[in-house]
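Working notes for the structure below.
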Amino acid sequence: MKIATWNVNSLKVRLPHVLDWLEAWQPDILALQETKLIDDNFPAEEIRAAGYEAVYSGQKTFNGVAILSKFKALDIVTDIPDLEDPQRRIMAATIAGIRVINLYIPNGSTVESDKYQYKLDWLDKVTNFIANELKSHQKIVVVGDYNIAPEDIDVREPEKWAGQVLCTDAERAVFKSWLTLGFKDTFRLFDQDEKSYSWWDYRMLAFRRNRGLRIDHILASNVLAETCQSCIIDKEPRKLERPSDHAPVIAEFRV
DNA sequence: ATGGCGGCTCGCAGCCGA
């Protein structure tokens with residue numbers, strides 16, 4: 000079972016990259032973030048023609064999440080208790096016996112901003128949701144654009160990012176608390192290149208200089224993590240013309 | 001070096017992202 004996540008930064012623009020990537024990698028499940036499409040405009044037919052079912056929760060201009068899969072998605076959730084939020088950032092579904100929780104965690108702008116407080120409040124509600132999902136599901140993945148770099152090792156210039164959004168103690172504490180709930184960061188189950196990142200700024204030739212952050216993650220519940228065979232970041236799509244600023248992350252499981 | 005890039009919008013400049 001191959002499970003992937005990719006912030007595509009506009010599915011309209013990136014659809015050719017996504018279709019090519021599906022063809023090449025044949026993941027069983029691909030979670031997308033920042034589709035930036037209302038549901039009426041979702042390219043369901045093109046994706047179906049590629050051999051994938053799609054479920055999606057979008058809005059105009061911003062945010063938007065979707066799950067593409069070779070198997071039917073059941074028990075779909077796009078809104079969670081105690082979080083009334085017009086921003087479409089959450090999609091949970093059960094696919095081939097695995098509970099997939101796809102998240103586009105808010106960026107947070109700056110520590111002083113209302114958006115940062117929104118991020119922390121949002122994370123608090125989602126933490127409760129995940130804790131509850133653990134009661135009813137054994138095999139869970141929590142995937143997506145976390146907008147959290149868990150450790151300094153996940154940041155090319157940690158001294159520059161110290162205390163900034165994506166790297167604050169409060170955000171990192173949430174990430175750690177999810178591990179404590181009963182998850183593994185599948186990327187860190189394996190030997191990796193020292194400077195492994197999943198996002199690079201479009202500016203300043205950041206990708207060429209490998210100035211990035213690892214903020215896209217695949218967490219697997221402890222039971223499922225036992226079956227994890229690999230987790231990698233595919234940098235190839237970031238080299239294409241008009242790329243997303245994020246790279247896909249792929250984990251493979253013996254299930 | 002506080003810019004830079006890219007996507008979006010009842011666009012022509014300003015927002016949001018990370």
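In numbering that gives the first Met the number 0, the protein residues as written are 0 to 254.
Built from N, CA and C at the ideal position, the CB exists for glycine as well.
Whose CA, out of the options, lies closest to the CA of residue i?
i: Asp19; options: Glu33, Asn101, Asn40 and Gly50; result: Gly50
i: Lys71; options: Lys35, Thr93, Lys238 and Ile79; result: Thr93
i: Tyr145; options: Leu178, Asn106 and Lys134; result: Asn106
i: Glu251; options: Tyr117, Cys227, Glu240 and Gln163; result: Cys227
i: Arg258; options: Phe186, Glu193 and Leu119; result: As shown, the chain starts at 0 and ends at 254. That puts residue 258 outside it, with no answer to give.
i: Trp24; options: Lys69, Ala53, Glu44 and Leu36; result: Lys69
i: Val140; options: Ile217, His16, Val54 and Ser229; result: Ile217
i: Leu21; options: Lys35, Val12, Leu36 and Arg47; result: Arg47
i: Asp233; options: Val173, Ser243 and Pro149; result: Ser243
i: Ile185; options: Gly143, Phe206 and Trp198; result: Before going on, a small fix: residue 185 reads as Thr here, not Ile. Ranking the options by Cα distance to Thr185, first place goes to Gly143.
i: Trp198; options: Ala91, Lys238 and Val173; result: Lys238
i: Pro80; options: Met0, Leu73, Arg98 and Phe128; result: Phe128
i: Asn40; options: Ala65, His16, Asp27 and Pro26; result: Ala65
i: Val99; options: Ala246, Ala219 and Arg13; result: Ala219
i: Leu308; options: Phe206, Ser229, Arg208 and Val254; result: With the chain running from 0 to 254 in the structure shown, residue 308 is simply not present.
i: Ala130; options: Thr167, Val173, Ala161 and Cys166; result: Val173
i: Ile28; options: Thr77, Ile97 and Arg87; result: Ile97
i: Lys124; options: Asp78, Lys134, Ser112 and Ser135; result: Asp78
i: Arg87; options: Pro15, Arg210, Leu133 and Leu36; result: Leu36
Alpha carbon to alpha carbon, how far is residue j from residue i? Give it in angstroms, no decimals.
i: Trp121; j: Ile89; result: 11 Å
i: Asp38; j: Asn8; result: 16 Å
i: Phe182; j: Lys138; result: 10 Å
i: Thr109; j: Ile75; result: 32 Å
i: Asn221; j: Glu240; result: 38 Å
i: Ile195; j: Val54; result: Sequence inspection shows Ser at residue 195; the Ile mentioned does not correspond to that position. Going by the C-alpha atoms only, they are around 30 Å apart.
i: Val248; j: Leu212; result: 13 Å
i: Gly57; j: Lys114; result: 20 Å
i: Lys1; j: Arg202; result: 32 Å
i: Thr60; j: Ala91; result: 22 Å
i: Asn6; j: Gly63; result: 10 Å
i: Arg155; j: Ser176; result: 24 Å
i: Pro157; j: Asp151; result: 6 Å
i: Pro26; j: Phe206; result: 25 Å
i: Leu82; j: Tyr117; result: 11 Å
Here's the rule: buried if 16 or more other CB atoms are within 10 angstroms of the residue's CB, otherwise exposed. What is residue i?
i: Leu204; result: exposed
i: Tyr103; result: buried
i: Asn101; result: buried
i: Ala30; result: buried
i: Phe189; result: exposed
i: Asp215; result: buried
i: Ala148; result: buried
i: Gln163; result: exposed
i: Glu33; result: buried
i: Pro85; result: exposed
i: Leu73; result: exposed
i: Ala3; result: buried
i: Asp153; result: buried
i: Arg208; result: exposed
i: Pro236; result: buried
Which residues bound the beta strand (DSSP E) around residue i?
i: Thr93; result: Ile89 to Ile94
i: Ala3; result: Lys1 to Asn6
i: Val17; result: Unbroken run through Val17 is the alpha helix (DSSP H), Leu10 to Trp24; no beta strand (DSSP E).
i: Val54; result: Glu52 to Ser56
i: Leu218; result: Asp215 to Ser220
i: Leu102; result: Ile97 to Tyr103
i: Gln257; result: The question about residue 257 has no answer here: the residues shown for the chain are numbered 0 through 254.
Specify, as a first and last residue, the run of the alpha helix (DSSP H) that residue i falls within.
i: Gln116; result: Asp113 to Ser135
i: Leu180; result: Asp168 to Gly181
i: Ala43; result: Ala43 to Ala48
i: Val142; result: No alpha helix (DSSP H) holds Val142; the beta strand (DSSP E) holding it covers Ile139 to Asp144.
i: Ala246; result: Looking at the DSSP string, Ala246 is not in any alpha helix (DSSP H), and its letter there is neither H nor E.
Can we count residue i as close to the ligand FAD, meaning its CB is less than 6 Å from some heavy atom?
i: His136; result: Inclusion of the ligand FAD in the displayed structure is not the case, the ligand content being empty and no account of it being possible.
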